[in-house]
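S.K.: Line by line, the protein sequences are chains A and B. Residue numbering for the first sequence is 6 to 369, as defined by the working numbering. Residue numbering for the second sequence is -12 to 497, as defined by the working numbering. Just so it is clear, CB atoms sit at the ideal spot from N, CA and C, and this is done for glycine as well. If you're wondering where the values come from, they're calculated on a predicted model, not measured in any experiment.
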Amino acid sequence: MKELRQKKDITGVWASLLAIVSGLLIGFIVLAICNPSQALNGIKTLLFGGFTGGIKSIGNVLYYATPLLLTGLGIGFAFQSSLFNIGGPGQFIFGAFCSLFVAIKIPIPGALGWIIPLFAAMAGGAFWALLPGILRAYKNVNIVISTIMMNYIGMYLVNSLVKNTIYDPLKGQSAVVPPSHQLPSWGLDKIFTSRSMVNCGILIAIFMAIVIYILLNKTTFGYELKACGKNRDASRYAGINEKKNIVLAMVISGALVGLGGGLMYLASAGKYIRVVDVMASEGFNGIAVALLAMNNPIGIIFSSIFMAYLDVAGFYMQTYRFSPEIVDIIVSVIIYFSAFSLLVKEYISKIELKKKSNLSKEDK
Amino acid sequence: MNEYAIEMMHITKIFPGIKANDDIVVQVKHGEIFALLGENGAGKSTLVSVLFGLYQPDEGQILLEGKPVEINNPRDANSLGIGMVHQHFMLVQNFTVLENIILGVETVKNTHLQLDEARKKVMQLSENYGLKVGLDEYVSDISVGMQQRVEILKMLYRDNDILIFDEPTAVLTPQEIEELMEIMVNLKKEGKSIVFITHKLNEIKQIADRCAVLRRGKCIGTVNVKDVSPEQMSEMMVGRKIETNLKKNKFSPGELLLDVQNLSVVSSRNKEKNVLNDVSFQLHRGEILCIAGIEGNGQSELALSLYGLLGNSTGKIILGGKDISNSSIRERSLDGLAMIPEDRHKHGLILDYTLEENLVLKKYFTSEFQKNGFIDFNHRAKFADELINKFDIRCGNGKKTKTRSMSGGNQQKAIIAREIDLDSDVIIAVQPTRGLDVGAIEYIHKQLLSQRDSGKAVLLISFELEEVMNISDRILVLYEGEIVANVLPHETTVNEIGLFMAGSKRSVKK
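1) Can you find a C-beta in chain A that's less than 8 Å from the C-beta of B:PRO328?
2) Could you tell me whether the Cβ of A:THR71 comes closer than 8 Å to any Cβ of chain B?
3) Within the 8 Å Cβ cut-off, does B:ARG317 reach chain A?
4) If the criterion is Cβ atoms closer than 8 Å, does the pair B:ILE402 and B:LEU336 meet it?
5) Looking at chain B, is there any beta carbon in it that lies within less than 8 Å of the beta carbon of A:TYR228?
6) Report the rounded CA-to-CA distance for A:LYS12 versus B:ARG405, giving the unit in angstroms.
7) Can you tell which of B:VAL347, B:ILE149 and B:MET220 has the C-alpha that lies nearest to the C-alpha of B:GLU373?
8) Residue range of the beta strand (DSSP E) that A:PHE56 falls in?
9) Taking only beta-carbon atoms, is B:ASP339 less than 8 Å away from chain A?
10) Does the separation of the CB atoms of B:GLN286 and B:ILE278 fall below 8 Å?
11) Listing by chain order, which chain A residues have their CB less than 7 Å from the CB of B:HIS334?
12) For chain A, check one thing: does any of its Cβ atoms lie closer than 8 Å to the Cβ of B:TYR430?
13) Who are the near neighbours of A:GLN323 in its chain, counting only those whose CB is closer than 8 Å to its CB and skipping five residues on each side?
14) Could you tell me which uninterrupted alpha helix (DSSP H) segments, each at least 4 residues in length, are contained entirely in the stretch 385 to 473 of chain B, listed from first to last along the chain?
15) Jot down the residue ranges of each uninterrupted alpha helix (DSSP H) in the stretch 154 to 218 of chain B, minimum 4 residues, whole runs only, in chain order.
16) What separation, rounded to the nearest whole angstrom, lies between the Cα atoms of A:PHE345 and B:GLU(-6)?
17) Using a Cβ cut-off of 9 Å, pull out every chain A residue sitting near B:SER320, in sequence order please.
18) Of all Cβ atoms in chain A, is any one closer than 8 Å to the Cβ of B:GLN357?
19) With H, G and I counted as helix, E and B as strand and the rest as coil, what does DSSP make of A:PRO189?
20) With DSSP as the reference, label B:GLY323 as helix, strand or coil.
21) Within 8 Å (strictly less), CB to CB, does B:GLY360 reach chain A?
22) Out of B:ASN345, B:GLU165, B:ILE281 and B:LEU90, point me to the one whose CA is closest to A:ALA239's CA.
23) Run down chain C in chain order and give the residues with a C-beta less than 8 Å from the C-beta of B:LYS349.
24) Find the nearest neighbour of A:ILE158 within the set A:ALA142, A:PRO137, A:LEU175 and A:LYS176, judged by alpha-carbon distance.
25) Using only CA atoms, which one of B:GLN80, B:HIS73 and B:LEU41 lies nearest to B:ARG62?
26) To the nearest angstrom, report how far apart A:SER365 and B:ARG202 are at their CA atoms.
27) Relative to chain A, which residues along the stretch 284 to 304 of chain B have a C-beta separation below 8 Å, given in chain order?
28) Quick one: Cα of A:MET284 to Cα of A:LEU208, how far?
29) At the level of alpha carbons, what is the spacing between B:GLY490 and B:VAL464?
30) The beta strand (DSSP E) spanning A:CYS233 covers which residue range?
31) Can you pull the chain B neighbours of A:THR224, defined as C-beta to C-beta under 7 Å?
32) What is the DSSP secondary structure of B:TYR42, counted as helix, strand or coil?
33) By the 10 Å Cβ neighbour count, where 16 or more other Cβ atoms means buried, how is B:LYS175 classified, buried or exposed?
34) If you count every other CB in all the chains shown that lies within 10 Å of the CB of B:PHE450, and 16 or more means buried, which is it?
35) Within the 8 Å Cβ cut-off, does B:PHE370 reach chain A?
36) What did DSSP end up calling A:PHE99 once you bin it into helix, strand or coil?
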C-alpha cells in the first residue's frame, strides 16, 4: 500500500520537471529567433546564471523566493478548498503597507520591532481576503471577480495611503524602515556573505509551509477544508459548516499572502512600495508557483525557489544583450507550461496504465 | 441478407484503472429483442455507448450486415440506422413533441421549416406502432412515459433499424412498463432489432429472445431466454445463488420515533407551488415505512428537508420527542438521524477522498478520531478496516482506494456501512438499491431488515414497487407532493399501488 502511494507522488514530481523542461525548450526556440548567435549562451545563463555571483547569488535567490513562497502557499491553500484566490496582488500590497506603517510609525523596542509589523502584514492580507470570502460564502459571489476588484481597490488605496502617511516625496516611494525594525538575518549572512539580500524571511516562509502542510494533512480542519473543496454538497450533508470554512480558507490564504508582502518590504534589501499604478506581480506569480507544485505546501518551497532562480538568472542574461523583456517572455513561457503540469501528470499515468495492462496481457 | 443485423466483435474498452469491456462478442439478429444483463459496473452501458459512437473501442470492431463499419460519433450511428433511448431523456423541454422529433433532421425549404410533411410521417409512425403522443404539446408538460414514446418516435423518424434502450423501465410506473413492453414487441414484429439493457429479470423473461450476461467487463455467455430460468440468469450475472425471498420477522412497532407534522416545501422554480404539500406521518421503532411514488413527486424534497438540506421548508419535525425543525444538519445527525442519500456522488461520498476518509465523514470530529484537532490516523485506519470487513466492501487498494474508482454497489455499501455504524435511531434510505444488481440489492435489504429488527426505524423512499412490497411494514404513496395512500403491504396489490402512484386513486382524503 505504501509503495503505491509513494509511486503516485513521484508521478507528480516527474510531471512538474517535464513541464519545466518543455518550457525551457520553447524558451530556447524564442531565444534562437531573437538572437541566434547568442541563444546557446543565453539558455546556459538561464540554467546556471543563478550561481554567477557565487554563494551571494544563492542568498539573493532565497530572498526573492520568500514572497513567492508565501503567495504561492496562500493561493495553493485556497485552491485546496477550490477557491481560486487571484486576489494575491491586493492582499500582498495591503499586507506590505500594514507592516511598513507599523514599522515606520510605531516605535516598538527589540525583536518585537519586526515581529509585530509581520503580524500587521498578516492581518492586512487576511482582511483583504475576508470580504471576498464572506461574499462567496453568504451571497455566492464569484471569488475570481471579487478578488480582482479587491486588487484594484488595494492598489489605489495603498498608493494613496503611502502618499499620506509614510511617503518619501523625493523618491516617490515609501519611506525607509528604521534599521531596528528590519528583519534580522539569523546568521544567514554568514553563510551567504553580508552582501547578499537574504534574511530570516526565507526561514519564516519555510516554517509556514510546514505549518500549512500539517494543517492540511494532519488535522480535522484540513480534512474539512479539503472535503469542501472536493465536494461541497457532500460536505454539507456531512454536517460541515461549509460557509465558515470558505471564509476561514480565504482569511488564512490572505494572511499568508500578506505575510509575503511584509517579509519582502521589511528587509534591508532596498525594496520600497513605489507609488505607481501597477499591481504587485508577486501576487500573480504565486499562482504559477502553486500550480507548478500542484498546491502541495512542501512542493511550493521548491517551486518558489525555482522561480526566484529564473528571476536572478534572467537578470544575468542581459549580458548577452537579451533585453529584459525577452527574459520575461522566457520566464513566462516556463510558467505557462507549468500550468500544463497537471495535464502531463495525467498523460504519464495513462502511459503507465497502458504498460501495466500490456504486461498483464503477456502474463496471460 | 446476413444472419445478424449488428455484430460487436471482440470489443475491448479500457478506462484509467479499469477494463470496462474485455473482449466482448455480441451479435444481434434481425427482428429480435436482445437483452444485455449484468451487475452495475459490468460494462453494459459502456458497450452500447461504443455501439452508439459515444466511445471508441480500444480493440475490436463493429459489423453492420456483416460489413465492418466505423462509428465515430452518434451522427455516424444515426446514419447507419442505429438509434438509442438514453436512460435520461435527451429532449428539449420547451419544444413541442413534433419539434423534438424532427430536431436535427428538419426538412427546410428556403430557410423555412416544413412541418406538415414531418407531421404526416410522425402520425403515420405513431399509428403503426401504437405510440400515442400529443404532437403539439410541450415536452415539459407531458408525462415521463410519453417522453419515452417521443424518444422512440425520434428513432423511428430517423428510419433506424437498430434500437438501443438503456434501462428504459427505471423511471416508469407498472402500467407504463406494460405499455412499453407491448411497443417493443410491436417494433420487433416490424423487423427492428432491439438491444435492451436492464437489471430486471422478469422483463427479460417477458419479451427478450436472447440475452448476453456481462460480469466485470466480460461476457459470461449468451443464452436463449426461454431455455433458462430467472434464477439461472441471476446466478450467471452475480456468480452465486441469490435468496429471493427474504426472511422477515413479525412486525411489532414500538415507541414513536419520528413525528412529521404538516411538512411543506415551496418549489424553487415556482413560488406559487408546493413540491411537498402538508405532509404528516409517524414512524415507530422496529418499523420500515416505505414512501412509494413515481420519481419527482416530492420524495427527494421530503428526504432532504427531513435531513435539513433544504432551507425553504415549513412544518414540524420531531425526533424522539425533540423538535429538530430548526436544527443544523450536524445536530440532527447527533440526535440520531442517519441518511443514505439518493445521489451517492453528489451527497453520499467525496469521490476524490479515499474509502477510509469517506467512512469517517460523519464521525471525524468526535473525540474518538481526533485529539486537539489532530487526526488519530491509527485509530481511523483500524476503524476503516473493521467496517470494510464487517460490511464486506470490496475495493482494489483496501481502505486507501479512492471511492471514485469503486463500483456503484461497493460505493453504496460504503455509505450504508457508515450510516449504520452511526447507530442512529432513524435511518432515512432514499433509493438505496437504485441501479444495483440483485446481489447488492439482497445485501442492502438484509441490512435494512436487521436494523428494523434491532429496534431502529427505517424510512425507505423507493420507486421500485417490488422492493416496496417486499420489505415494508407500511406504505405511504406520494403523488404531486401529497400523501394519497396509507396502506399495509399485505392488504394491497402492486396494481393498486400503481394506480395510487399515477394519481388515479386515493385512500387518504384531501
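M.R.: To lay it out plainly:
1) Position 341 of the second sequence, counted from the start, is the residue given in the question as residue 328 of chain B. B:PRO328 counts as touching chain A.
2) Numbered from its first residue, the first sequence carries residue 71 of chain A at position 66. For A:THR71, the answer is no, since every Cβ of chain B falls outside 8 Å of its Cβ.
3) The residue given as residue 317 of chain B occupies position 330 in the second sequence. At a cut-off of 8 Å, the C-beta of B:ARG317 has a neighbouring C-beta in chain A.
4) Locating residue 402 of chain B in the second sequence gives position 415, counting from the first residue. Locating residue 336 of chain B in the second sequence gives position 349, counting from the first residue. It is a contact, given that the beta carbons lie within the stated cut-off.
5) In the first sequence, the residue the question calls residue 228 of chain A occupies position 223. Closer than 8 Å: yes.
6) Working through the first sequence from its first residue, we reach residue 12 of chain A at position 7. Working through the second sequence from its first residue, we reach residue 405 of chain B at position 418. With a pLDDT of only 45 at A:LYS12, under 50, the local geometry of the prediction cannot be trusted, and no value is derived from it.
7) Working through the second sequence from its first residue, we reach residue 373 of chain B at position 386. B:GLU373 has its Cα closest to that of B:VAL347, out of B:VAL347, B:ILE149 and B:MET220.
8) Position 51 of the first sequence, counted from the start, is the residue given in the question as residue 56 of chain A. Element bounds for A:PHE56: n/a, residue is neither H nor E.
9) One-based indexing of the second sequence puts residue 339 of chain B at position 352. It does: the Cβ of B:ASP339 has a partner Cβ on chain A nearer than 8 Å.
10) In the second sequence, residue 286 of chain B corresponds to position 299, counting from 1. In the second sequence, residue 278 of chain B corresponds to position 291, counting from 1. In this structure, B:ILE278 lies closer than 8 Å to B:GLN286 by Cβ.
11) Counted from its first residue, the second sequence places residue 334 of chain B at position 347. By Cβ distance, chain A contributes ASP238, ALA239 and TYR242.
12) Here the question's residue 430 of chain B lines up with position 443 in the second sequence. Chain A, which has no Cβ nearer than 8 Å to the Cβ of B:TYR430, makes this no.
13) Within the first sequence, numbered from 1, the residue matching residue 323 of chain A stands at position 318. Once the five neighbours on either side are set aside, the close Cβ partners of A:GLN323 are PRO329 and VAL332.
14) 395 to 408, 425 to 440 and 452 to 458
15) 161 to 176 and 188 to 194
16) As a position in the first sequence, residue 345 of chain A is number 340, starting the count at 1. As a position in the second sequence, residue -6 of chain B is number 7, starting the count at 1. Here the C-alpha atom of A:PHE345 lies approximately 41 Å from the C-alpha atom of B:GLU(-6).
17) The residue given as residue 320 of chain B occupies position 333 in the second sequence. The answer, in chain order, is ALA243 and GLY244.
18) Taking the first residue of the second sequence as 1, we reach residue 357 of chain B at position 370. It does; some Cβ of chain A falls within 8 Å.
19) Residue 189 of chain A sits at position 184 when you count from the first residue of the first sequence. Coil at A:PRO189, not helix or strand.
20) Residue numbering aside, residue 323 of chain B sits at position 336 when the second sequence is read from its first letter. Of the three classes helix, strand and coil, the one that applies to B:GLY323 here is coil, per DSSP.
21) Numbered from 1 along the second sequence, position 373 holds the residue referred to as residue 360 of chain B. Cβ-Cβ to chain A under 8 Å: yes for B:GLY360.
22) Position 234 of the first sequence, counting from 1, holds the residue named residue 239 of chain A. Here the closest residue by C-alpha is B:ASN345.
23) Going by chain labels, chain C is absent from the structure shown, which instead holds the protein chains A and B.
24) On the first sequence, residue 158 of chain A is found 153 positions in, with the first residue counted as 1. Of A:ALA142, A:PRO137, A:LEU175 and A:LYS176, the residue nearest in Cα terms is A:PRO137.
25) Within the second sequence, residue 62 of chain B is the residue found at index 75, counting from 1. Checking every option, the nearest Cα to that of B:ARG62 belongs to B:LEU41.
26) The residue given as residue 365 of chain A occupies position 360 in the first sequence. The residue given as residue 202 of chain B occupies position 215 in the second sequence. Its pLDDT being 48, under 50, A:SER365 is placed unreliably in this model, and the coordinates cannot settle the point.
27) TYR294 and LEU296
28) Here residue 284 of chain A is taken as the residue at index 279 of the first sequence, counted from 1. Here residue 208 of chain A is taken as the residue at index 203 of the first sequence, counted from 1. Cα to Cα, A:MET284 sits roughly 26 Å from A:LEU208.
29) Working through the second sequence from its first residue, we reach residue 490 of chain B at position 503. Working through the second sequence from its first residue, we reach residue 464 of chain B at position 477. Their backbone Cα atoms lie some 9 Å apart in a straight line.
30) In the first sequence, residue 233 of chain A corresponds to position 228, counting from 1. For A:CYS233, no beta strand (DSSP E) segment is defined; the enclosing uninterrupted segment is the alpha helix (DSSP H) at 225 to 235.
31) Numbered from its first residue, the first sequence carries residue 224 of chain A at position 219. Residues of chain B passing the Cβ test: GLY360, PHE361 and ILE362.
32) As a first step, residue 42 of chain B is located in the second sequence; it is residue number 55 there, counting from the start. B:TYR42: coil per DSSP, three-state reduction.
33) Counted from its first residue, the second sequence places residue 175 of chain B at position 188. Buried, by the Cβ-count rule.
34) Here residue 450 of chain B refers to the residue found at position 463 of the second sequence. B:PHE450 comes out buried.
35) As a position in the second sequence, residue 370 of chain B is number 383, starting the count at 1. So no, B:PHE370 is outside the interface.
36) As a working note, residue 99 of chain A is residue 94 in the first sequence. Helix.
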